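Residue numbers (our numbering): 97 to 246.
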Amino acid sequence: MISKPKFTEFKKQECLSNKTKDSLFAMGKYIRKLKKEAHSLGVKQDGPVFTIYYEEPENPKDFEYEVFLPINQKITGITKSIGDEFCASIRINGSIKQFKTAHNTLTDFIKNNNHEAVGHLIVVYVKGPLLGFLAFIPTMVTDFYFPIKE
Numbered sequence: 097m098i099s100k101p102k103f104t105e106f107k108k109q110e111c112l113s114n115k116t117k118d119s120l121f122a123m124g125k126y127i128r129k130l131k132k133e134a135h136s137l138g139v140k141q142d143g144p145v146f147t148i149y150y151e152e153p154e155n156p157k158d159f160e161y162e163v164f165l166p167i168n169q170k171i172t173g174i175t176k177s178i179g180d181e182f183c184a185s186i187r188i189n190g191s192i193k194q195f196k197t198a199h200n201t202l203t204d205f206i207k208n209n210n211h212e213a214v215g216h217l218i219v220v221y222v223k224g225p226l227l228g229f230l231a232f233i234p235t236m237v238t239d240f241y242f243p244i245k246e
C-alpha cells in the first residue's frame, strides 16, 4: 500500500556512510559494514538506515547509491551531516517492489504542486527485514523523500 504524498522536513542527522555502485541485493553487506563501524567507534544507531539513490535502480544489479547509518554523535572527518531539507514524501507499506509506482506518484505530486526536485531520492527503511536486505518482504515500511525547491 502506498500512502498519499505530502510535504515534510527531512531532519538533519549525523551519519556513517558508504557510497558504492553495486546491486540492490548487495546493500545488506554495506548496512552490516556500517553497523560494525559504529560498534568499533563506540557510537549507537540513532534512526533507521537510509539510502540516497544517485541513479534510478532500473538495473538492480548495477547502480550508484549511498547507504547511511544515523548515529548519536558527530565525529569530525568521519560522519556526514545529512538532511535539514524540505521534501515531498510518500510511504510504502509492504514490498519495495512498489518502488516505481511510488517514485512516479511522488514525482507527479511534486510537479502538480508546482515544485521542483532539487536533489536525489532518499529512501528510509523505517521497518526493514532483519536478515539481510531482501526487497520482496511484504512487512517492510519504506519512506521516500525528494528534496524540493519551495
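C-beta atoms are modelled at their ideal positions from N, C-alpha and C, and glycine is treated no differently.
Computed from a predicted structure; not experimentally measured.
(request) Could you spell out where the alpha helix (DSSP H) holding tyrosine 126 opens and where it closes? (result) Per DSSP, tyrosine 126 belongs to the alpha helix (DSSP H) from 123–137.
(request) Would you give the residue range spanned by the alpha helix (DSSP H) that asparagine 200 belongs to? (result) First-last of the alpha helix (DSSP H) with asparagine 200: 195–208.
(message) Can you tell me where the beta strand (DSSP E) holding glutamate 151 begins and where it ends?
(response) No beta strand (DSSP E) contains glutamate 151, which DSSP labels as neither H nor E.
(request) Determine contact between the stretch 215–225 and the stretch 142–153, defined as no fewer than three beta-carbon pairs at a distance below 8 Å. (result) By the Cβ rule, the stretch 215–225 counts as touching the stretch 142–153, because three or more pairs are nearer than 8 Å.
(request) Compare the beta carbon distance of phenylalanine 242 and proline 101 with 7 Å and say whether it is the shorter of the two. (result) If you check the CB distance, phenylalanine 242 and proline 101 do not come in under 7 Å.
(request) Sort Gly124, Glu181, His199, Ile98 by Cα distance to leucine 165 and report the nearest one. (result) Looking at the Cα atoms, Gly124 is the closest of the given residues.
(request) Starting from valine 163, follow its DSSP beta bridges and name the residues at the other end. (result) DSSP, once it has assigned bridges, lists Asn114, Thr147 as partnering valine 163.
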